[in-house]
Amino acid sequence: MFWIHSPRTIVFGENAVMEVSKYAESPILIVTGGRRTREIVSKMVEPVLEERGFDYQVVGIPSGEPNMEVVEELSKQMIKYSPKTILAVGGGSVIDAAKASWIFYEHPELEVVSELRRFYENPFTLPTLRSKALLIAAETTSGTGSSVSRAAVIRDDERRVKMPILDYKLCPDVAIFDPQLTITMPKDITAYSGMDALTHAIEAYVGIKNNDFAEYCAIRAVDIAVENLPKAYANGDNLEARKMMHLANMYAGLAFSQKGTGLAHSISHVLGARYGYPHGLLNASLLPYVIDFNAISAEEKYAEIATIIGLEASTMEDLIVELIFYLNRLNERLAIPSIDDLLEEHEDDLNRNIDDIVRDIMRDPTIRSNPRKPSIEDLKKLLRSAAEGEFNFYSLTM
Ligand SMILES: [Fe+2]
């Protein structure tokens with residue numbers, strides 16, 4: 034048996050953003066982020082709402098991944114404005130902030146900090162949402178898949194962790210994928226978010242649950258992303274490549290929202306909270322090492338991914354090693370630094386606090402869907418291998 038959880042409506046294609054008026058109810062609170070996304074809102078979203086006579090208000094959140102203060106502040110703004118629709122327009126940070134704040138708009142009696150920590154520790158225990166507002170999300174990057182996913186990631190600065198809050202109730206009601214919203218994405222964000230999407234697809238595909246729908250979506254996402262990410266990176270004005278990357282993003286989001294992600298995400302959440310590197314960047318640089326560790330438990334699936342990418346080798350084992358090398362080369366092509374370079378300046382912290390870091394990785398809920406269950410010693414070895422730039426698991430046996 035498997036389930037498919039998704040928004041009730043997904044609108045995909047050029048000018049999809051104009052469809053928002055079909056699904057939104059007035060008054061609308063538009064949640065957005067930094068300068069680029071605010072510009073998108075004023076040029077492409079507000080005119081649509083004005084033309085239809087909707088009441089709306091725009092609130093911006095500080096750029097960067099949201100912490101609990103952002104959620105607290107945003108939920109207060111929601112309570113003050115009482116929207117019937119929350120319209121999140123931005124990257125994953127904006128949509129995640131809107132999702133988490135929505136919980137406390139619907140349930141103002143809940144205390145933000147303690148309840149978010151509780152939801153993080155107890156996935157799928159959120160109270161009922163949607164009695165006050167529905168949530169519409171339009172992504173302006175192609176990678177997080179947040180507009181079709183059950184996840185919201187919120188930083189807990191005091192505990193130095195990122196908390197994925199997981200619950201199907203968090204999946205937006207309507208997701209809008211308009212590639213024109215991604216055209217102005219800078220090169221580095223194109224690379225990081227694109228690799229985040231590819232990581233979602235690969236981690237979902239090899240994840241422990243069986244879900245044919247999710248696996249179809251994952252394979253389709255891999256196929257599209259490897260072809261189009263280098264094109265979108267090389268020329269941001271290539272609307273066709275942008276469109277295809279938005280499609281890969283959507284499929285990858287649908288895939289991981291059913292099956293979960295895996296160890297690249299668990300480690301990335303912890304190292305990202307400690308060292309501040311962007312989510313997609315860490316995922317991209319960690320993924321080859323995680324595959325090296327996981328491969329023994331999901332050989333056929335990794336070999337299938339290699340084949341989809343178009344890699345060739347005479348044995349399944351060689352295909353997996355080719356996949357690891359391929360991902361390293363793709364990172365280089367996208368100017369994504371290697372994990373050993375990223376961790377070099379944090380070597381002391383990593384060595385001194387490795388027990389705490391491993392404990393936090395073990396606590397991250399994304400680890401539950403990883404195909405290989407790591408021990409504490411495994412994780413220490415994996416982190417040290419990544420910090421040294423060495424493949425010490427599957428590749429060594431080749
Ligand atoms: Fe991700």
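Add 33 to a position in the sequence shown, counting from 1, and you land on the number used in the numbering used here. Heads up, the beta-carbon is just placed ideally off N, CA and C, and yes, glycines get one too.
Under a CB-based cut-off of 8 angstroms, is residue i close to chain D?
i, result
"P60", "Within the model displayed, chain D is absent; a lone protein chain is all it includes."
In the DSSP assignment, find the alpha helix (DSSP H) that holds residue i and state where it starts and stops.
i, result
"F358", "M349 to R366"
"G305", "L296 to Y308"
"R405", "R405 -> no alpha helix (DSSP H), and no H or E assigned at all."
"S8", "Since the first residue of the chain shown is 34 and the last is 431, residue 8 is not available in this structure."
"I383", "The residue asked about is misnamed: residue 383 is Leu in this sequence, not Ile. From DSSP, the alpha helix (DSSP H) with L383 extends over E380 to R385."
"E52", "Segment: none, E52 is in no alpha helix (DSSP H) and carries neither H nor E."
"S418", "I409 to E421"
"D373", "I372 to E377"
How would you write the range of the beta strand (DSSP E) that residue i sits in, first residue to last?
i, result
"P187", "A quick correction: the sequence has Ile, not Pro, at residue 187. Its beta strand (DSSP E) spans residues A184 to D189."
"V181", "Here V181 belongs to no beta strand (DSSP E), and DSSP marks it neither H nor E."
"V44", "T42 to F45"
Since residue i and residue j should fall inside the 8 angstroms C-beta cutoff, what is the C-beta to C-beta distance between them, to a whole number of angstroms?
i, j, result
"S290", "R183", "5 angstroms"
"I63", "V104", "About 17 angstroms separates the two Cβ atoms, so there is no contact after all."
"L367", "Y266", "6 angstroms"
"I198", "M101", "Going by Cβ atoms, the distance from I198 to M101 rounds to 11 angstroms, so no, they are not a contact pair."
"S54", "V81", "6 angstroms"
"L314", "I369", "6 angstroms"
"Y322", "I372", "7 angstroms"
"L352", "L344", "6 angstroms"
"I387", "L416", "7 angstroms"
"A185", "D129", "4 angstroms"
"V255", "I235", "7 angstroms"
"A346", "L376", "Incorrect: roughly 30 angstroms between the Cβ atoms, too far for contact."
"L149", "A133", "7 angstroms"
"M228", "I257", "M228 to I257, Cβ: 14 angstroms. No contact."
"P311", "Y225", "5 angstroms"
Near residue i, what residues of its chain come up, given a Cβ to Cβ distance below 6 angstroms and the 5 sequence neighbours on each side ignored?
i, result
"N327", "P404 and R405"
"N364", "A317"
"N282", "S175, G176, G178 and A230"
"E52", "V44"
"E58", "K117 and T118"
"R163", "none"
"H379", "Y308"
Looking at the structure shown, is residue i part of a helix, part of a strand, or coil, going by DSSP?
i, result
"I257", "helix"
"E58", "coil"
"F426", "coil"
"L344", "coil"
"A170", "strand"
"I390", "helix"
"T65", "strand"
"A331", "coil"
"M34", "coil"
"N155", "coil"
"I369", "coil"
"G176", "coil"
"R163", "coil"
"G313", "helix"
"D325", "helix"
"S318", "helix"
Below 7 angstroms CB to CB, which residues in the same chain sit around residue i once its five sequence neighbours on both sides are set aside?
i, result
"I394", "S299, I300, V303, I400 and L412"
"A306", "R188, R193, V194 and K195"
"K264", "N271 and A274"
"D206", "P40, R41, L167, L168 and I169"
"T65", "R71, V74, V91, G93, V122, G123 and V127"
"T223", "A265, Y266 and G269"
"H279", "S175, F210, P212 and T215"
"S402", "G240, I241, K242, K292, G293, T294 and G295"
"S427", "According to the sequence provided, residue 427 is Tyr. The question's Ser does not apply to it. Counting only Cβ-Cβ distances below 7 angstroms, and skipping sequence neighbours, we find D325, A328, I329 and I353."
"P398", "P156, P197 and L199"
Which same chain residues, not among the five before or five after residue i, have their C-beta less than 8 angstroms away from its C-beta?
i, result
"P60", "F87, D88, Y89, Q90, Y114, S115, P116, K117 and T118"
"L429", "none"
"V78", "V50, V53, I63, L120, V122 and A171"
"F35", "K242, N243, N244, D245, F246, A247 and Q291"
"Y284", "A234, C250, A251, R253, A254 and I257"
Segments of 3+ residues assigned as beta strand (DSSP E) that fall wholly inside the stretch 73-99: If we require 3 residues or more, the beta strand (DSSP E) runs fully inside the stretch 73-99 come out as 89-93.
Beta strand (DSSP E) runs wholly inside the stretch 187-244, at least 3 long, in chain order: For the stretch 187-244, whole beta strand (DSSP E) runs of length 3 or above, ordered along the chain, are 194-199 and 207-210.
Quick check on the DSSP output: what are the complete alpha helix (DSSP H) runs of length 4 or more inside the stretch 89-148, in order along the chain? Fully enclosed alpha helix (DSSP H) runs of no fewer than 4 residues occupy 101-114 and 125-139 of the stretch 89-148, in order along the chain.
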